[in-house]
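Here's the structure, in structure tokens; my notes come after.
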Amino acid sequence: MNASVARSEPAESGRARRRIDVTELDAAGVDRYVRENVATDRVSLEHRGARTYLVVEG
Numbered sequence: 086m087n088a089s090v091a092r093s094e095p096a097e098s099g100r101a102r103r104r105i106d107v108t109e110l111d112a113a114g115v116d117r118y119v120r121e122n123v124a125t126d127r128v129s130l131e132h133r134g135a136r137t138y139l140v141v142e143g
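Quick look at the structure:
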């Protein structure tokens, strides 16, 4: 599985937001990554140019 943390930044709510590059993962791979590596269900996908990021609200 090839996912990499792009960066963390404060969200408007004051909580940290992580962007994880999941461009090379299919939908099942993203689902598996979230289930195995993310401790929250507050996630979304974001497209920036040709890249896709999993955004995790902390």
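Residues 86 to 143 in the numbering used here are what the sequence shown spells out, letter by letter. All C-beta atoms in this analysis are idealised placements derived from N, C-alpha and C, irrespective of residue type, glycine included. Since this is a predicted model, take the numbers as computed values, not measurements.
inquiry  = Rounding to the nearest angstrom, what Cα-Cα distance links residue 105 and residue 132 in this structure?
reply    = Looking up residue 105 in the sequence shown gives position 20. Looking up residue 132 in the sequence shown gives position 47. Cα to Cα, the separation comes out at about 11 Å.
query = If you follow the alpha helix (DSSP H) that residue 104 is part of, which residue opens it and which one closes it?
reply = Position 19 of the sequence shown, counted from the first residue, corresponds to residue 104. Careful: residue 104 lies outside any alpha helix (DSSP H), inside the beta strand (DSSP E) at 101-106.
message = By the three-class DSSP mapping on this structure, what secondary structure does residue 142 have?
response = Taking the sequence shown and counting its residues from 1, one reaches residue 142 at position 57. Here residue 142 sits in strand by DSSP.
Where residue 109 sits in the DSSP three-state scheme = For the purposes of this step, residue 109 is taken as residue 24 along the sequence shown, with counting starting at 1. In this structure, residue 109 counts as coil in the three-state DSSP scheme.
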